[in-house]
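Chemist: Mapping of the sequence shown onto UniProt numbering: position 327 corresponds to residue 327, and the numbering continues sequentially without gaps. Note that beta-carbon positions come from the ideal geometry of N, C-alpha and C, so glycine has one too. Dropping the structure in here first, questions after.
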Amino acid sequence: MAFHVGDRLKHPKKPDWGLGEVAASAGGYVTVYFADAGEKKLSLNFVELQLVTGDDAVSPQLDQIRERPSASKLVKYRIGRVGKITAPQNVQTWSILERHLADVVSASYEQLVLCAKGHEHERGGKGFIDYCIGNGWLEVDVQEQSVPRVTADQPAPENRDSGIMLDQEERPMPAEEGTPAVTPDGLLQGYIQDFFGYGSLSAPLWFIGMEEGTGQETLEERLQAWQDLGRSATLDIRLFHERIHETRWFWAFPTIQRTWRRLIIMALRYVDEPVDRERIRHYQASRLATETEALLELMPLPHKSLREWDHQGLFASRDDYLSAIAPRRLAELQRAIANHGPKAVVMYGTTPPYPEYWKNLAGGPLTGAEQGWSYRRSGQTLYVVCQHPVAHGVTDDTYISIGDFLRGARDNEAVENG
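What follows is the structure, encoded as structure tokens:
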């Protein structure tokens, strides 16, 4: 269904976003400003938005936003350090704001307020933005008439403070001549080629899974989150899940995610910390995919089951998908390992053809064998292959033993190197 600027609509799967108004519509995408969720750029290939008319389309809140004089005012932010005398809360919220806006040259006043609010700053979102403008941290530019945005054909500028961006020479290479385009949508193709997961590639411990275990219905939000956060190879796991409305994993007392649970067990033992339920919960909430480990996926498209295939619009079958995409991503991961030199790479999931992929990534057969897992050293990196953390019959003891093994190997290497 085609939408026009000014149309009002709802997202059927996101009722909490409230009523929205179309701000732009072109190229299979529609940009909508939702009363309770702010601006969203959505692909019409992945969601069926519902047009709202009559009395149901009345929204004083949307009318106020559209008619507010300051809506045309753009605030061009400049990267700079906040003065040391400012309150720690200001510094924290400013750093959050910088990360949120790393993918735009300038943003409207309302967009900045939406980014700042929700972080429990004592000034509130609007108060904090006004404070930043008053202190010169944000420079107002009223000459511009539109918000320059990153498009599918224009990569986002690097966030120089990120520490998890690939260096220019490490960025995924352009597709080789003759490589078929996955889709005319440059954003989706970029996501498939370039996005690998969460955390820092400088971390000593990498976890590489098969694919994220959610369905196609999450793809549109994932694409938007990747776009909004800079289109880099790895992202901040908390900011990403905030964008896709999955913050329950990172609350102060979060639900423990089943797959992450046993990855965290390995991570805790790798740093020689005891394992219990509350330590796992705390690690997930505040430490997962920060300094110690990177959480990566070999294949980019989320999928609920290896026995089914939900992305027929992109690839006819899972086999076609694996044949087209896996070799390139394996090569990129090999190059990233060579450049960053992680101490250990744990590859989980043993459903064919993944064992062959892990063998390829490790540079040969993993001949070291323990109960339920195998390993191989190649250069300075120790590779481990184990069953998926939620596979039938696996126990915590397997993942404790892997963490202990990796820690012991690391410590022995440190002793040998003096």
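Given this structure, state the Cα-to-Cα distance separating P12 from F3, to the nearest angstrom.
Modeler: Roughly 16 angstroms between the two C-alpha positions.
Chemist: Going by the beta-carbon positions, is the gap between residue 486 and I237 smaller than 8 angstroms?
Modeler: Since the displayed the chain opens at 1 and closes at 418, residue 486 lies outside it and no answer follows.
Chemist: Please go through the same chain and pick out, in chain order, the residues whose beta-carbon is closer than 6 angstroms to the beta-carbon of G363, but skip the five residues on each side of it.
Modeler: S378, listed in sequence order.
Chemist: Count the other C-beta atoms from every protein chain shown that fall within 10 angstroms of the C-beta of E221, then say buried if there are 16 or more, exposed otherwise.
Modeler: Classification for E221: buried.
Chemist: From A35 to D63, what does the alpha carbon distance come to, in whole angstroms?
Modeler: Near 10 angstroms, if we compare the C-alpha coordinates of D63 and A35.
Chemist: Compare the Cα-Cα distances from T259 to each of F207, G199, D310 and report the closest residue.
Modeler: Minimum Cα distance to T259 is reached at F207.
Chemist: For a minimum of 4 consecutive residues, which ranges assigned as the alpha helix (DSSP H) are wholly contained in the region 212–244?
Modeler: Entirely contained in the region 212–244, the alpha helix (DSSP H) runs reaching 4 residues are, in chain order, 219–228, 237–243.
Chemist: For the alpha helix (DSSP H) containing M210, name the first residue and the last one.
Modeler: Per DSSP, M210 belongs to no alpha helix (DSSP H) and is neither H nor E.
Chemist: Taking just the CA atoms, how far does S374 sit from L51?
Modeler: So the two alpha carbons sit approximately 54 angstroms from each other.
Chemist: Is it buried or exposed, F253, if we count other Cβ atoms within 10 angstroms and call 16 or more buried?
Modeler: The residue in question, F253, is exposed, as its Cβ has fewer than 16 Cβ neighbours within 10 Å.
Chemist: Taking the beta strand (DSSP E) that G199 belongs to, which residues open and close that run?
Modeler: Counting along the chain, the beta strand (DSSP E) containing G199 begins and ends at 197–199.
Chemist: Look at the alpha carbon of H303 and the alpha carbon of E211, and state the distance between them as a whole number of angstroms.
Modeler: Roughly 7 angstroms separates the two Cα atoms.
Chemist: Using only alpha-carbon positions, find the residue among V345, L295, A409 that is nearest to F196.
Modeler: That would be L295, whose Cα lies nearest to the Cα of F196.
Chemist: If you drop the 5 nearest sequence neighbours on each side, which residues of the same chain put their C-beta closer than 6 angstroms to that of M347?
Modeler: I208, W358, V385, listed in sequence order.
Chemist: Where does L306 fall in DSSP's three states?
Modeler: Residue state, collapsed to three classes: coil.
Chemist: Exposed or buried, V30, counting other C-beta atoms within 10 Å across all chains shown (16 or more means buried)?
Modeler: Answer is buried; the Cβ neighbour count reaches 16.
Chemist: Taking the alpha carbon of G408 as the point to measure from, which residue in V271, I129, Q224, L138 has its own alpha carbon closest?
Modeler: It is V271.
Chemist: So G20 is in the beta strand (DSSP E); what residue range does that whole segment cover?
Modeler: 20–26 is the span of the beta strand (DSSP E), which, as asked, contains G20.
Chemist: To the nearest angstrom, report how far apart L74 and L138 are at their CA atoms.
Modeler: A caution first: L74 carries a pLDDT of 48, below 50, which makes its placement in the model too unreliable to give a value.
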